[in-house]
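Residue numbers (this note's numbering): 458 to 679. For every residue, glycine included, the Cβ atom is placed at its ideal position computed from N, Cα and C. Contents: one structure, followed by commentary.
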Amino acid sequence: MSGIFICGRSATAVKCWGSNRSGQLGDGSSTHTVCGIAPDDIDCSGTPVDVGGDLDPTTVVDLQLGRQHACALTSAGTVWCWGDNSVGQLGLLPTGPGTNVPTEITAAGTDVAALSAGGEHTCVVENDGDVFCWGSHEEGQLGDGEEVGTHDTCRGETIDCSAAPVQADLPGPAQMVAPGQFHTCALLVDGDVYCWGWNDRRQVGQADRERRTTPIKIEGLD
458 MSGIFICGRS ATAVKCWGSN RSGQLGDGSS THTVCGIAPD DIDCSGTPVD VGGDLDPTTV
518 VDLQLGRQHA CALTSAGTVW CWGDNSVGQL GLLPTGPGTN VPTEITAAGT DVAALSAGGE
578 HTCVVENDGD VFCWGSHEEG QLGDGEEVGT HDTCRGETID CSAAPVQADL PGPAQMVAPG
638 QFHTCALLVD GDVYCWGWND RRQVGQADRE RRTTPIKIEG LD
């Protein structure tokens, strides 16, 4: 998902490179190389750096990148995130600058089967098929059916958000979830696809341009 930093994993390491504007390289440092054009100078690294903190890289089974945050899923079913948390996309309270080292997101639990990161929100599928999302709800992309403006407020009280995971209002268990910048889609166990969030380019599969805060079945995929 990210366009300004990259992360990868091997059997023994997780490494990131690119922009470190929000600590998304995850090595605990903010003194790499200066990039950008003044006055918009940012910290960055043109070479891969080891993600640090207490995350054991040998346990990482999936790695997902958002716009300025990253999350890892471990073999134990736990989720660790780092980088920007200005709209709760790390799942940490209080919302704000975030963290430059991986932090276990205890609110996500230890029963996570699949993980995915959108622009400024993060979603998981639990072993029972329930989908939970957290972060920005600016366009309804958390999918819990609550209207925009009914959760918390982030980034100068201008964006609806939730750092606590909220359950997407799906009619059945999911096998995977795929967040975009302002929308989210889920593939259910029965093969149906449901989407929600921003629909200005019809990405939620509806003919109008109205956002959907409740998942809508995508017809015509048979």
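Across the structure, Gly555 and Leu547 are spaced so that their CA atoms are roughly 7 Å apart. Leu550 counts as exposed, since fewer than 16 other C-beta atoms from the protein chains shown sit within 10 angstroms of its C-beta. No Cβ-Cβ contact shorter than 8 Å links Val544 with Gly509. Minimum Cα-Cα distance from Pro628 among the listed residues Gly586, Cys611, Trp655 and Asp609 corresponds to Gly586.
DSSP, read as helix, strand or coil, puts Thr535 in coil.
The residue among Leu482, Thr641, Leu645 and Arg666 with its C-alpha nearest the C-alpha of Cys652 is Thr641.
Lys472 is classed as buried because its beta carbon has at least 16 other beta carbons within 10 Å across all chains shown.
Glu614 and Asn542 have their C-alpha atoms roughly 14 Å apart.
The stretch 565–574 makes no contact with the stretch 593–609, as fewer than three CB pairs between them are under 8 Å. Of the other Cβ atoms in all chains shown, fewer than 16 fall within 10 Å of the Cβ of Ala468; this residue is therefore exposed.
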